[in-house]
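Q: Residues in the sequence shown are numbered from 0 upward in steps of one, following numbering that gives the first Met the number 0. Quick reminder that beta carbons are idealized off the backbone N, C-alpha and C, glycines included.
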Amino acid sequence: MPRTIELPKPDDFHLHLRDGPMLEAVLPYTVERFARALVMPNLVPPVVTTADAIAYRARILEALPPGAPFEPLMTLYLTDTTDLDDLADGHSRGVVIAAKLYPAHATTNAAHGVGDIRRVAAVLERMQRLDMVLCIHGEVTRSEVDIFDREAVFVDEVLIPLRRDFPELRIVLEHITSAHAAAFVEAADARLAATVTPQHLLLDRNAMLVGGIRPHLYCLPVLKARADREALRRLVATGTPKVFLGTDSAPHPRHAKESACGCAGVFSAPLALEAYAQAFDEIGCLGHLTDFAANHGRRFYRLPPNEGTLTLHEEAWEPPELIPVGGDSEGVRPFFAGERVRWRLG
Ligand code: NCD
Ligand code: ZN
0 MPRTIELPKP DDFHLHLRDG PMLEAVLPYT VERFARALVM PNLVPPVVTT ADAIAYRARI
60 LEALPPGAPF EPLMTLYLTD TTDLDDLADG HSRGVVIAAK LYPAHATTNA AHGVGDIRRV
120 AAVLERMQRL DMVLCIHGEV TRSEVDIFDR EAVFVDEVLI PLRRDFPELR IVLEHITSAH
180 AAAFVEAADA RLAATVTPQH LLLDRNAMLV GGIRPHLYCL PVLKARADRE ALRRLVATGT
240 PKVFLGTDSA PHPRHAKESA CGCAGVFSAP LALEAYAQAF DEIGCLGHLT DFAANHGRRF
300 YRLPPNEGTL TLHEEAWEPP ELIPVGGDSE GVRPFFAGER VRWRLG
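Have a look at this one:
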């Protein structure tokens with residue numbers, strides 16, 4: 000008998016939806032799988048004010064398939080010039096549920112990010128008082144730091160002092176990828192949580208680099224060594240409420256990935272929940288999938304449970320090779336294109 004899992008409708012606490020035709024093309028895949036998603040603000044230009052977030056939210060709702068129940072949870076992109084009162088206002092009105100810290104130039108569309116964290120001390124102080132969640136892309140960007148070490152160095156140089164200075168601030172260390180970050184999260188108190196992507200639970204850097212370079216597996220933070228993946232797997236297998244689902248699904252047009260200088264981002268939305276089920280099955284902790292996908296994150300963000308359920312069953316299927324975007328003939332290539340995913344929705 001193929002196994003099935005029924006779970007309450009889950010949430011994706013780290014998602015890139017983009018805008019315009021890309022938003023229209025990718026949104027239905029998330030809506031099929033998730034009741035809510037924390038929408039990343041790294042548009043061009045970024046979502047920096049409450050008014051920007053309200054307008055972006057309206058564009059997302061406009062792009063929804065008719066009648067589809069879905070709640071976009073909005074974030075603001077912190078900059079050196081974030082307006083404190085606007086941030087507080089957006090939070091108190093329930094429009095903005097978190098702010099995102101990108102170290103300047105850390106990743107796609109992070110040029111407006113924060114150069115020196117000391118410059119946003121007043122914002123962090125205010126967020127701590129408001130009990131507003133800070134989401135962090137945890138990588139240093141100094142050129143001399145090896146790309147595979149950037150997360151670990153961030154934990155030591157930035158996050159540890161940050162937590163000392165703002166002990167009450169609730170923080171999500173986004174898309175953790177390293178054994179060092181996993182150990183840090185495990186040891187931390189309950190004000191610190193982390194998301195982990197399906198690709199970092201399933202793969203290591205060999206998948207991207209052995210036998211040819213696979214640009215569609217390039218994301219930031221970059222895939223790490225097998226030992227790092229094992230540490231992430233062990234962390235998830237503990238069932239800790241400090242770790243929850245955030246896909247980091249990040250679509251880029253195919254030519255922008257298959258390029259002499261390809262963009263970072265894995266587009267996992269069309270199979271995200273299924274890929275997590277596969278990972279949890281490989282780890283041997285499928286019993287923790289429901290809490291990871293539908294409970295830990297919403298409790299951290301203090302959101303109510305979702306209505307409705309989803310079913311996953313064990314059946315191999317192939318995601319599409321390419322998802323069309325607007326009139327553009329080239330489209331976006333999903334994670335697992337040309338391969339089989341072992342769990343299926345429905
Ligand atoms: C993200 C994107 O493309 O917006 N890319 C990625 O590799 N994860 C940005 C990010 O979350 O770092
Ligand atoms: Zn991201």
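What does the alpha-carbon distance come out to for the pair A315 and A224?
A: For this step, residue 315 is matched to residue 316 along the sequence shown. For this step, residue 224 is matched to residue 225 along the sequence shown. So the alpha carbons of these two residues sit roughly 27 Å apart.
Q: Return yes when the Cβ of H199 is within less than 8 Å of the Cβ of L158, no when it is not.
A: Within the sequence shown, the letter at position 159 stands for residue 158. Within the sequence shown, the letter at position 200 stands for residue 199. No, the Cβ-Cβ distance between L158 and H199 is not below 8 Å.
Q: Under DSSP, the beta strand (DSSP E) around T194 begins and ends at which residues?
A: As a first step, residue 194 is located in the sequence shown; it is residue number 195 there, counting from the start. That run of the beta strand (DSSP E) goes L191 to V195.
Q: Short of 8 Å in beta carbon distance, which residues of its chain neighbour A67, apart from the five on each side in sequence? Order them along the chain.
A: The residue you call residue 67 lines up with position 68 of the sequence shown. Closer than 8 Å at Cβ, skipping near neighbours: P27 and V30.
Q: Are the Cβ atoms of D10 and N305 separated by less than 8 Å?
A: Looking up residue 10 in the sequence shown gives position 11. Looking up residue 305 in the sequence shown gives position 306. A contact, by the Cβ cut-off of 8 Å.
Q: Using the rule of at least 16 other Cβ atoms within 10 Å of the residue's Cβ for burial, across every protein chain shown, is A274 buried or exposed?
A: For the purposes of this step, residue 274 is identified with residue 275 of the sequence shown, where counting begins at 1. By the 10 Å Cβ count, A274 comes out buried.
Q: Is the stretch 73-88 close to the stretch 118-129, with three or more CB pairs under 8 Å?
A: Yes, the stretch 73-88 is in contact with the stretch 118-129.
Q: Please name the residue, chosen from L201, T48 and A24, that lies closest to R233 on a Cα-to-Cα basis.
A: Sequence index remark: in the sequence shown, residue 233 carries index 234 (1-based). Nearest C-alpha to R233: L201.
Q: On the DSSP letters alone, give me the boundaries of the alpha helix (DSSP H) that T49 sits inside.
A: On the sequence shown, residue 49 is found 50 positions in, with the first residue counted as 1. Start and end: T49 to A62.
Q: Determine the DSSP secondary structure at A105, reduced to helix, strand or coil.
A: Mapped onto the sequence shown, residue 105 falls at position 106. If DSSP states are grouped into helix, strand and coil, A105 belongs with coil.
Q: Tell me whether the beta-carbon of A38 lies closer than 8 Å to the beta-carbon of L14.
A: Mapped onto the sequence shown, residue 38 falls at position 39. Mapped onto the sequence shown, residue 14 falls at position 15. Reading the sequence as shown, one finds Val at residue 38 and not Ala. Contact: yes.
Q: Find the nearest neighbour of T48 within the set D79, M21, G19 and F33, judged by alpha-carbon distance.
A: One-based indexing of the sequence shown puts residue 48 at position 49. Nearest option by C-alpha distance: D79.
Q: Between which two residues does the alpha helix (DSSP H) harbouring V152 extend?
A: Walking along the sequence shown from the start, residue 152 turns up at place 153. Element bounds for V152: R149 to F153.
Q: Measure from the alpha carbon of G238 to the alpha carbon of each residue in L288, A189 and G210, then state which is nearest.
A: Here the question's residue 238 lines up with position 239 in the sequence shown. Considering only alpha carbons, the answer is L288.
Q: Can you tell me whether DSSP reads P1 as helix, strand or coil?
A: Here residue 1 is taken as the residue at index 2 of the sequence shown, counted from 1. Coil, per DSSP.
Q: I want to check one thing, is the minimum distance from the CB of T106 to the heavy atoms of ligand 1 below 7 Å?
A: For the purposes of this step, residue 106 is identified with residue 107 of the sequence shown, where counting begins at 1. Yes, the Cβ of T106 comes within 7 Å of a heavy atom of ligand 1.
Q: My assumption, with CB atoms under 8 Å, is that A348 sits in contact with T246. Please give the rounded CB distance.
A: Only positions 0 to 345 of the chain appear in this structure, which leaves residue 348 out of reach.
Q: Looking at the C-beta of I322, does it have a partner C-beta in chain D at a distance below 8 Å?
A: Of the protein chains in this structure there is only one, and it is not chain D.
Q: Determine the DSSP secondary structure at L161, reduced to helix, strand or coil.
A: Taking the first residue of the sequence shown as 1, we reach residue 161 at position 162. Residue state, collapsed to three classes: helix.
Q: Hey, would you say P318 sits closer than 8 Å to A336, going by beta carbons?
A: For this step, residue 318 is matched to residue 319 along the sequence shown. For this step, residue 336 is matched to residue 337 along the sequence shown. Result yes, Cβ atoms of P318 and A336 sit closer than 8 Å.
Q: Quick one: residues in its chain with C-beta nearer than 8 Å to the C-beta of K8, no 5 flanking neighbours on either side, listed in chain order?
A: Within the sequence shown, the letter at position 9 stands for residue 8. For K8, where only same-chain residues beyond five positions count, the Cβ hits under 8 Å are F33, A34, A293, N305, E306, G307, T308 and L309.
Q: With 16 other CB atoms within 10 Å as the buried threshold, where does V43 fall?
A: Residue mapping note: residue 43 aligns to position 44 of the sequence shown, counting from 1. Label assigned to V43: exposed.
Q: I'd like to check one pair, A271 with P197: are the Cβ atoms closer than 8 Å?
A: Translated into positions along the sequence shown, residue 197 becomes position 198. Translated into positions along the sequence shown, residue 271 becomes position 272. Result yes, Cβ atoms of P197 and A271 sit closer than 8 Å.
Q: Ignoring anything shorter than 4 residues or poking outside the stretch 204-258, list the alpha helix (DSSP H) runs there in chain order.
A: Runs of the alpha helix (DSSP H) inside the stretch 204-258: 204-208, 225-236 and 253-256.
Q: Can you give me the Cβ contacts of L100 inside the same chain, cut-off strictly under 8 Å, excluding the 5 residues immediately before and after it?
A: Along the sequence shown, read from residue 1 onward, the residue named residue 100 stands at position 101. Around L100: L77, G112, V113, I116, V119, L133, C134, I135 and H136.
Q: Would you tell me roughly how many angstroms separate the C-alpha atoms of A20 and L285, rounded to the nearest one?
A: By one-based count along the sequence shown, residue 20 stands at place 21. By one-based count along the sequence shown, residue 285 stands at place 286. At residue 20 the sequence reads Pro, which differs from the Ala that was named. Roughly 36 Å separates the two Cα atoms.
Q: Below 8 Å between beta carbons: does that hold for P102 and T74?
A: Taking the first residue of the sequence shown as position 1, residue 102 is located at position 103. Taking the first residue of the sequence shown as position 1, residue 74 is located at position 75. Not in contact: P102 and T74 (Cβ atoms no closer than 8 Å).
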